[in-house]
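Report on one structure; see the data block that follows.
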Amino acid sequence: MTKISDITIIDDDPIVVFGLRKLITSTIKCNSIESYGNGLLAYDAIMKKLDDKQPIPKVIFLDINMPIMDGWEFLEAFLKLPITDKIKINIITSSIDSFDKKQWESYKNKSHHVITFNQKPINKIKIEEITQVA
Amino acid sequence: MIKVPQTSSTSYLIRQLPTPTAFIDTNYNIVHTSEKWMNIFNNNESYNTASLFTAFPNLSSKWKKELENCFKGNPQPMGIHQAKDIDDQDVWFEWSNAPWYDTNENIIGAIIQLNNITDSVNNELELNKKNLLLKQQAEITKIGQWEYDILDNQLTWCTTTKAIHEVPPHFTPNIENAIHYFKEGHSRNAISMAVFEAQNKGKAYSNLKLQIITATGNEKWVMAGGKPIYHKGELIGLIGTIQDIHDQVEADIKTLDNEKLLRTLIDNLPVNVYIKDTESRKILVNKAECEFLGVKNPEDLLGKSDFELYPSESAARSREEDLLVMNTLKPIIGKETLNIKLDGKETSFLSSKIPLLNNKGLAYGIVGISLDITKLKEKESELRNIINIASIQNKKLLNFAHIVSHNLRSHSANFSMLLDFLKTEKDEDEKNRIIEMLTNASNNLLETLDSLNDVITINTNTNIDKKNINLHNKVITINQHLTGYLLNNRAEIKNTIPEDFKIKSVPTYLDGILTNFITNAVKFKHPDRNSKITLSAIKKNNYSILTIADNGLGIDLEKYGKKLFGMYKTFHDHKDARGIGLYITKNQIDAMNGKIEVSSEIGMGTEFKIFFNDKN
Numbered sequence: 026m027t028k029i030s031d032i033t034i035i036d037d038d039p040i041v042v043f044g045l046r047k048l049i050t051s052t053i054k055c056n057s058i059e060s061y062g063n064g065l066l067a068y069d070a071i072m073k074k075l076d077d078k079q080p081i082p083k084v085i086f087l088d089i090n091m092p093i094m095d096g097w098e099f100l101e102a103f104l105k106l107p108i109t110d111k112i113k114i115n116i117i118t119s120s121i122d123s124f125d126k127k128q129w130e131s132y133k134n135k136s137h138h139v140i141t142f143n144q145k146p147i148n149k150i151k152i153e154e155i156t157q158v159a
Numbered sequence: 007m008i009k010v011p012q013t014s015s016t017s018y019l020i021r022q023l024p025t026p027t028a029f030i031d032t033n034y035n036i037v038h039t040s041e042k043w044m045n046i047f048n049n050n051e052s053y054n055t056a057s058l059f060t061a062f063p064n065l066s067s068k069w070k071k072e073l074e075n076c077f078k079g080n081p082q083p084m085g086i087h088q089a090k091d092i093d094d095q096d097v098w099f100e101w102s103n104a105p106w107y108d109t110n111e112n113i114i115g116a117i118i119q120l121n122n123i124t125d126s127v128n129n130e131l132e133l134n135k136k137n138l139l140l141k142q143q144a145e146i147t148k149i150g151q152w153e154y155d156i157l158d159n160q161l162t163w164c165t166t167t168k169a170i171h172e173v174p175p176h177f178t179p180n181i182e183n184a185i186h187y188f189k190e191g192h193s194r195n196a197i198s199m200a201v202f203e204a205q206n207k208g209k210a211y212s213n214l215k216l217q218i219i220t221a222t223g224n225e226k227w228v229m230a231g232g233k234p235i236y237h238k239g240e241l242i243g244l245i246g247t248i249q250d251i252h253d254q255v256e257a258d259i260k261t262l263d264n265e266k267l268l269r270t271l272i273d274n275l276p277v278n279v280y281i282k283d284t285e286s287r288k289i290l291v292n293k294a295e296c297e298f299l300g301v302k303n304p305e306d307l308l309g310k311s312d313f314e315l316y317p318s319e320s321a322a323r324s325r326e327e328d329l330l331v332m333n334t335l336k337p338i339i340g341k342e343t344l345n346i347k348l349d350g351k352e353t354s355f356l357s358s359k360i361p362l363l364n365n366k367g368l369a370y371g372i373v374g375i376s377l378d379i380t381k382l383k384e385k386e387s388e389l390r391n392i393i394n395i396a397s398i399q400n401k402k403l404l405n406f407a408h409i410v411s412h413n414l415r416s417h418s419a420n421f422s423m424l425l426d427f428l429k430t431e432k433d434e435d436e437k438n439r440i441i442e443m444l445t446n447a448s449n450n451l452l453e454t455l456d457s458l459n460d461v462i463t464i465n466t467n468t469n470i471d472k473k474n475i476n477l478h479n480k481v482i483t484i485n486q487h488l489t490g491y492l493l494n495n496r497a498e499i500k501n502t503i504p505e506d507f508k509i510k511s512v513p514t515y516l517d518g519i520l521t522n523f524i525t526n527a528v529k530f531k532h533p534d535r536n537s538k539i540t541l542s543a544i545k546k547n548n549y550s551i552l553t554i555a556d557n558g559l560g561i562d563l564e565k566y567g568k569k570l571f572g573m574y575k576t577f578h579d580h581k582d583a584r585g586i587g588l589y590i591t592k593n594q595i596d597a598m599n600g601k602i603e604v605s606s607e608i609g610m611g612t613e614f615k616i617f618f619n620d621k622n
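Top line first, the protein sequences correspond to chains A and B. If you read the first sequence in my numbering, its first letter stands for residue 26, the second for the next number, and so on. If you read the second sequence in my numbering, its first letter stands for residue 7, the second for the next number, and so on.
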């Protein structure tokens with residue numbers, strides 16, 4: 026079982042958070058899994074970690090449609106942070122809007138982080154595939 | 007002994023003879039000549055002794071025989087011959103001779119006398135020439151002549167007249183069959199009458215344009231003329247002409263037909279047609295143009311310029327255009343113009359102006375063709391409107407489809423994930439937890455479907471039944487319905503809407519709109535103060551504007567302005583925020599042709615302005 030130090034889930038749907046946690050823990054070993062109900066909460070937490078010189082999560086599961094700060098807004102803000110490590114950001118969405126896919130492509134090409142676009146539902150095989158440190 | 011004429015005594019007499027005369031001896035030597043002869047041929051005395059043959063080398067050899075006969079006392083005419091006089095002019099003479107007797111009745115020579123007939127020869131030649139000319143003229147102009155001798159009842163046709171009637175050259179006409187060649191009806195009646203009047207009343211006729219049927223059966227237009235002739239005051243006959251004018255008449259008829267065709271065409275075209283002269287005065291207008299300008303007769307428009315028919319500004323513009331076309335000779339084709347008449351009525355035209363050129367290539371006017379496209383333009387604008395609506399609807403539909411698919415997909419994804427877990431889960435507690443989550447997911451799905459159903463109902467209800475509603479009273483009613491909710495949240499509503507303020511709205515939509523905005527304001531109240539909601543209303547530009555202002559959290563419009571009325575967008579971290587209320591409200595207001603404006607200050611409050619359309 027691969028070992029990943031820290032994983033963060035950003036999604037406002039508790040069922041999705043529950044499911045992802047369950048899938049991740051049954052697939053890989055990791056120190057901690059944190060989850061946040063919207064982009065802003067997650068962003069604030071990461072900022073705090075940076076300030077405290079704590080390790081930041083290596084893998085992020087990101088929902089798009091969220092209140093307060095949605096997935097794109099989070100991504101926009103996150104990519105501006107001074108993080109030199111390659112972070113793996115897995116976008117998880119049920120959207121089939123072509124706009125979202127285009128957004129992903131533009132972010133993917135302008136960042137040194139690895140960003141993937143995944144449509145729900147997510148199963149064990151998919152989790153194994155995308156939960157790799159970048 | 008050779009008989010020698012006695013010359014000395016007689017020569018003086020001979021000289022004085024009144025006609026040109028020469029006496030020759032039997033050796034053909036000219037012995038005496040009259041003064042006249044001398045004047046014509048030679049005034050040299052020595053000429054007298056010359057031989058006749060030397061004097062007239064071209065002619066005299068012919069006469070040798072005649073003169074020999076003459077010497078035998080048997081003179082014969084010598085005919086008409088041409089000779090040259092001393093001025094080298096051609097002169098015609100009729101030559102005659104007679105034996106010259108001496109006193110003893112012996113023939114001693116011949117007397118030759120000349121009769122100058124140059125004038126009559128010339129006259130004859132002239133006559134021949136004239137006749138020839140006449141004949142040619144007749145052939146070219148196709149004018150034939152005829153002559154009718156009343157006494158002999160004899161009619162003569164010249165060859166051209168015969169040719170016109172297409173009869174053979176040997177044809178003998180008479181007055182009856184001549185008249186019979188004229189076409190039965192008007193032509194025959196007219197010629198009969200004319201000939202009758204000429205014969206009986208001495209009345210001439212001319213320029214009668216009539217039709218004949220020729221001997222070979224062709225119909226022909228002719229111009230007939232006739233004139234009585236008198237001899238010593240008595241009518242003796244008629245002379246006249248007949249001219250073949252068939253080609254001209256046919257051409258004239260064709261021209262007339264063409265003109266008529268053109269006129270019929272331009273009068274019945276469903277476009278306005280006019281011709282203007284260089285001063286932009288109308289010189290031709292068709293029916294459509296008359297109708298457009300409200301006159302019955304084209305005469306009411308002819309000679310008038312645009313300045314008399316249209317307001318000066320548009321007349322000046324049109325005049326400028328006319329001048330441009332006439333100066334550059336470049337036509338204006340299919341230009342869209344707006345025409346304003348004196349009564350202010352506007353018409354959209356597709357108009358063309360084409361220069362009319364004379365044979366020097368200069369413009370002498372323009373021909374204008376204008377197609378009324380007012381109805382077309384109206385239809386076009388209607389169509390554009392429909393396309394606009396369709397495209398907005400399409401956008402909405404696509405947006406809605408995305409929303410629906412997204413929401414339904416997220417639920418179904420949850421179902422499938424949870425069911426996957428359930429399949430493999432051994433732990434009973436965990437199983438129960440998953441089942442509980444499935445129940446939640448199912449409830450969420452139902453709620454989502456309910457909301458979507460609301461949206462569909464609004465957007466598919468094409469029959470919007472708006473009623474006049476007193477807004478003040480309505481707010482009071484809603485306030486009463488929400489009393490419990492408002493009391494629990496310590497919210498206060500201030501109704502400053504005028505008591506008689508009425509708006510047009512679908513009653514249920516208005517209930518929803520008011521309830522939604524009021525509960526929203528309460529939901530997103532500022533944690534440090536009680537919620538206070540103020541409702542006011544004014545009328546402006548066909549809209550009744552309801553303003554709902556609160557003292558709540560406020561919305562960051564810069565961030566969320568565009569998404570504010572989107573579906574499932576919430577901007578507050580609030581447990582009651584479902585993100586559907588404003589979306590439905592917006593749909594309801596749109597459906598009633600209204601609009602929403604919003605202004606907000608974070609931490610201070612939000613103000614919504616709802617525009618109810620008073621018209622439709």
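All C-beta atoms in this analysis are idealised placements derived from N, C-alpha and C, irrespective of residue type, glycine included.
Terminal residues of the alpha helix (DSSP H) in which residue i lies
| i | result |
| --- | --- |
| S457(B) | 434-466 |
| A102(A) | 96-104 |
| G587(B) | 587-597 |
| V602(B) | Reading off the sequence shown, one finds Ile at residue 602(B), where the question assumed Val. Counting along the chain, I602(B) falls outside any alpha helix (DSSP H), though it belongs to the beta strand (DSSP E) covering 601-607. |
| F523(B) | 513-529 |
| D426(B) | 380-430 |
| L492(B) | 489-494 |
| L19(B) | 17-21 |
Contacts of residue i in chain B (Cβ-Cβ under 9 Å)
| i | result |
| --- | --- |
| K145(A) | R415, S416, S418, A419, N420, S422, M423 |
Contact with chain A by residue i, beta-carbon distance below 7 Å
| i | result |
| --- | --- |
| S605(B) | no |
| H408(B) | yes |
| M332(B) | no |
| D579(B) | At D579(B) the pLDDT is 49, less than 50, meaning the model places this residue with poor confidence; the figure from the coordinates comes in the next sentence. By this cut-off, D579(B) is an interface position. |
| S448(B) | no |
| H412(B) | yes |
| D582(B) | Because the pLDDT at D582(B) is just 48, under 50, the model does not fix this residue reliably, and the value given afterwards should be weighed accordingly. Not an interface residue. |
Chain-ordered chain A contacts of residue i [CB-CB under 8 Å]
| i | result |
| --- | --- |
| F614(B) | Going along chain A, no residue has its Cβ under 8 Å from F614(B), so there is no contact; the nearest lies around 20 Å. |
Neighbouring residues, chain B, relative to residue i (Cβ below 8 Å)
| i | result |
| --- | --- |
| K47(A) | F427 |
| F103(A) | Within 8 Å Cβ-Cβ: nothing; F103(A) doesn't reach chain B, min ~17 Å. |
| N148(A) | M423, D426 |
Start and end residues, beta strand (DSSP E) containing residue i
| i | result |
| --- | --- |
| E182(B) | Unbroken run through E182(B) is the alpha helix (DSSP H), 181-186; no beta strand (DSSP E). |
| D38(A) | No beta strand (DSSP E) contains D38(A), which DSSP labels as neither H nor E. |
| N557(B) | Counting along the chain, N557(B) falls outside any beta strand (DSSP E), and DSSP gives it neither H nor E. |
| K209(B) | Unbroken run through K209(B): none, as it is neither H nor E. |
| S358(B) | 352-363 |
Partners in chain A for residue i, counting only beta-carbon separations shorter than 7 Å
| i | result |
| --- | --- |
| S397(B) | Correct list: empty, because the minimum Cβ distance to chain A is about 18 Å. |
| M443(B) | I40, F43 |
Minimum Cβ-Cβ distance from residue i to chain B less than 7 Å
| i | result |
| --- | --- |
| D88(A) | no |
| I40(A) | yes |
| D122(A) | yes |
| S131(A) | no |
| D36(A) | no |
| S57(A) | no |
| S119(A) | yes |
| M26(A) | Because M26(A) carries a pLDDT of 47, less than 50, the predicted location of this residue cannot be relied on, and the following value inherits that uncertainty. No, no contact with chain B. |
Listed by chain order, chain A residues near residue i by CB distance under 9 Å
| i | result |
| --- | --- |
| N5(B) | The requested residue 5(B) does not occur in the structure, where chain B is confined to residues 7 to 622. |
CB contact below 7 Å: residue i versus chain D
| i | result |
| --- | --- |
| R535(B) | Looking for chain D here will not work: the only protein chains present are A and B. |
**Prompt:** What runs of the beta strand (DSSP E), each 3 residues or longer, lie entirely inside the stretch 246-317 of chain B?
**Reply:** 278-283, 288-291
**Request:** Please list the segments of the alpha helix (DSSP H) lying wholly inside the stretch 23-85 of chain B, counting only runs of 4 or more residues, in order along the chain.
**Result:** 41-47, 58-61, 66-77
**Request:** Could you pull out every unbroken beta strand (DSSP E) segment of at least 3 residues lying fully inside the stretch 134-179 of chain B, listed in chain order?
**Result:** 149-155, 160-163
**Message:** Please give me, in chain order, every unbroken run of the beta strand (DSSP E) with length at least 3 that falls completely inside the stretch 68-136 of chain A.
**Reply:** Within the stretch 68-136 of chain A, the complete beta strand (DSSP E) runs of at least 3 residues are 84-87, 113-118.
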